[in-house]
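Novice: Provided herewith is a single structure, encoded as structure tokens, for subsequent inquiry.
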Amino acid sequence: MKQSDVIIVGSGIAALQLANKLSKDLNVIILTKRELTAGNSYLAQGGVAAAVSTSDDPYFHYLDTMEAGAHHSNPEAVLEMTKKAPQLIKGLWQSGCRFDEDGNGKLLLGMEGAHSEKRIVHSGGDATGKHMVDFLLTGLNANVSVQQSTFVYELILNSDETRCTGVKAKLPYGTIEVYCAPHVVLATGGCGQVFALTSNAETATGDGMALAYRAGAELADMEFIQFHPTLLY
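Here it is, written out as structure tokens:
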């Protein structure tokens, strides 16, 4: 059995961003079932939307997002996301994440479907995910350890099943390992591979959703799955 302060299951941008933000006084373990770069984040070619232009506003981004979602989206959640997006992108940029810039050293913004303003930030042209993951990996501190090829298959609950206290994982060649921590975070990505046609990475099999459901969590809005248009034929 291995003990830590925080267990993060998954190794995409969400997982790595969290690991970089946690206190350096915490012992953090990242568990990922394949290589660090085998997930959707690393393969993502499109940029990140954020209202960073002087002619743009997070509220405009909010309106576009609500319309694109046919107003099914949670308004409070969408507004919170669009408000925080500029700060997050600028923070990454100022910390050294190299987003594409114009001749004046400003962020080069693209226009994409459903947006009324140029607000798409890219890195390396169509290698945004790769560059962001590589940058976040270089920022990991010594308090963060990464275990690759470690497949988490069960969440461990306390005696009255009110709190997650760890995970069970299968290592290569079938060895079972138990990891315990007072804080367990699922950042496992989506479930595109449950469909016959998908542009998702092979690793996107919905593990986190299954883990949470088996542990008693309620899953909501499972019908909302995004498909790249090239897969709709």
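The sequence shown begins at -5 in the working numbering and counts up one residue at a time.
The beta carbon of each residue, even a glycine, is placed where N, CA and C say it ideally should be.
Keep in mind it's a predicted model, so treat the numbers as computed, not measured.
Thinking C-alpha only, which one of Gln142, Asn14, Gly4, Cys185 is nearest Phe129?
Specialist: Within the sequence shown, the letter at position 135 stands for residue 129. Out of Gln142, Asn14, Gly4, Cys185, Asn14 has the C-alpha closest to the C-alpha of Phe129.
Novice: Where does Glu74 fall in DSSP's three states?
Specialist: Residue 74 sits at position 80 when you count from the first residue of the sequence shown. If DSSP states are grouped into helix, strand and coil, Glu74 belongs with the helices.
Novice: If you reduce the DSSP assignment to three classes, tell me which class Lys(-4) lands in.
Specialist: For the purposes of this step, residue -4 is taken as residue 2 along the sequence shown, with counting starting at 1. If DSSP states are grouped into helix, strand and coil, Lys(-4) belongs with the strands.
Novice: Let me see if you follow: with CB-CB separation under 8 Å, is Ile114 close to chain B or not?
Specialist: In the displayed structure, chain B is absent; only one protein chain is listed.
Novice: Can you tell me where the beta strand (DSSP E) holding Val146 begins and where it ends?
Specialist: Numbered from 1 along the sequence shown, position 152 holds the residue referred to as residue 146. Counting along the chain, the beta strand (DSSP E) containing Val146 begins and ends at 145 to 151.
Novice: Alpha carbon to alpha carbon, how far is His222 from Thr192? Give it in angstroms, no decimals.
Specialist: Counting from 1 along the sequence shown, the entry for residue 192 is found at position 198. Counting from 1 along the sequence shown, the entry for residue 222 is found at position 228. For Thr192 and His222, the distance between alpha carbons rounds to 8 Å.
Novice: Taking 6 Å as the limit between beta carbons, can you name the residues of its chain near Leu102, skipping five residues before and five after?
Specialist: Along the sequence shown, read from residue 1 onward, the residue named residue 102 stands at position 108. Excluding positions up to five away in sequence, the list reads Asp94, Glu95, Asp96.
Novice: Residues in the same chain with beta-carbon distance under 7 Å from Ala195, minus the five sequence neighbours each way, listed in chain order, please.
Specialist: Here residue 195 corresponds to residue number 201 of the sequence shown, with the count starting at 1. Ala32, Gly33, Asn34, Leu37.
Novice: Please tell me whether Ile23 and Ser139 are closer than 8 Å, where the distance is taken between their beta carbons.
Specialist: Sequence index remark: in the sequence shown, residue 23 carries index 29 (1-based). Sequence index remark: in the sequence shown, residue 139 carries index 145 (1-based). Contact: yes.
Novice: Tell me the residue span of the alpha helix (DSSP H) that contains Glu61.
Specialist: Here residue 61 refers to the residue found at position 67 of the sequence shown. It spans 52 to 62 - the alpha helix (DSSP H) in which Glu61 sits, taken as one unbroken run.
Novice: Bridge partners for Ile114 per DSSP, in chain order?
Specialist: Numbered from its first residue, the sequence shown carries residue 114 at position 120. Note: Ile114 sits in a beta bridge opposite Ala43, Gly104.
Novice: Considering Ser35, what are the terminal residues of the alpha helix (DSSP H) in which it resides?
Specialist: Translated into positions along the sequence shown, residue 35 becomes position 41. Where Ser35 is concerned, the enclosing alpha helix (DSSP H) stretches over 34 to 37.
Novice: Look at the alpha carbon of Leu86 and the alpha carbon of Phe218, and state the distance between them as a whole number of angstroms.
Specialist: On the sequence shown, position 92 is the one that residue 86 refers to. On the sequence shown, position 224 is the one that residue 218 refers to. So the alpha carbons of these two residues sit roughly 29 Å apart.
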